[in-house]
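One structure is given here, and the rest of the page talks about it.
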Amino acid sequence: MRRSRSSRPRALPAPAPRSARRHRDRHGHGLRGPLMPPVLPAWRTRAERFDALVIEVADDLARRHPFVADVQFAVEEVPPSDPAPWEPGIVLGRGFAPEPRAGLPGRVVVYRRPVVSRTRDITELRALVRHVVVEQVSTMMGRRPEEIDPDSF
1 MRRSRSSRPR ALPAPAPRSA RRHRDRHGHG LRGPLMPPVL PAWRTRAERF DALVIEVADD
61 LARRHPFVAD VQFAVEEVPP SDPAPWEPGI VLGRGFAPEP RAGLPGRVVV YRRPVVSRTR
121 DITELRALVR HVVVEQVSTM MGRRPEEIDP DSF
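For the sequence shown, position 137 matches number 137 in full-length UniProt numbering, and the numbering has no gaps at all.
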């Protein structure tokens with residue numbers, strides 16, 4: 001069949017649009033990133049979610065034991081570069097006993113990055129945060145961890 005000079009070649013059909021699911025689930029690795037975009041008010045950073053987890057554990061312990069209500073809880077990214085001589089390896093948290101003369105309450109510091117790096121999912125993270133907080137509170141109060149939280153030990 002011969003084409004006349006006046007006929008134009010047909011345009012190729014437009015490629016089918018890529019589906020959002022296929023784009024988001026590349027190579028079977030699941031969805032990428034948080035499902036809630038950062039512009040929404042409910043969106044929180046990883047650090048904010050970790051802080052909320054520590055507060056949740058502290059509140060739960062304070063309901064069970066009134067003396068925990070007087071303890072201050074803090075989160076820092078990493079432990080200081082000069083560890084105490086009796087601390088082997090990387091520290092996950094520290095407890096500081098109350099100093100009544102100076103008017104300082106007891107304090108527990110949880111180090112976010114070492115804790116997060118040792119867990120694979122939120123269940124493990126929740127369990128490890130609870131373990132670290134209970135361990136520091138029990139050491140500070142001079143009690144066994146089983147007395148503070150019998151469920152996690």
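Don't be surprised by glycine CBs; every beta carbon is placed ideally from N, CA and C.
Note to self: Given a cut-off of 8 Å on the beta-carbon distance, is the pair Val134 and Asp149 in contact?
What the structure shows: yes
Note to self: Suppose the cutoff is 7 Å on Cβ atoms and the five residues either side in sequence are ignored; what does the same chain contact list for Val109 look like?
What the structure shows: Ala74, Glu76, Gly93, Arg94
Margin query: Does Met140 pass the burial test, meaning 16 or more other C-beta atoms within 10 Å, or should it be called exposed?
Written below: buried
Next item on the list: Please state if the CB of Val54 and the CB of Val116 are separated by a distance shorter than 8 Å.
Entry: no
Checklist line | Best match in Val71, Arg144, Pro66, Val91 for proximity to Glu99 [C-alpha to C-alpha] | finding: Val71
Notebook entry, point to check: Relative to the alpha-carbon of Phe96, which residue among Ala127, Ala84, Ser152, Arg44 has its alpha-carbon at the smallest distance?
Noted result: Ala84
Item checked: When Ala58, Pro66, Tyr111 are compared against Ala47, the one with the closest alpha-carbon -> Tyr111
Check: Taking DSSP as the reference, what is the three-state secondary structure of Leu104?
Finding: strand
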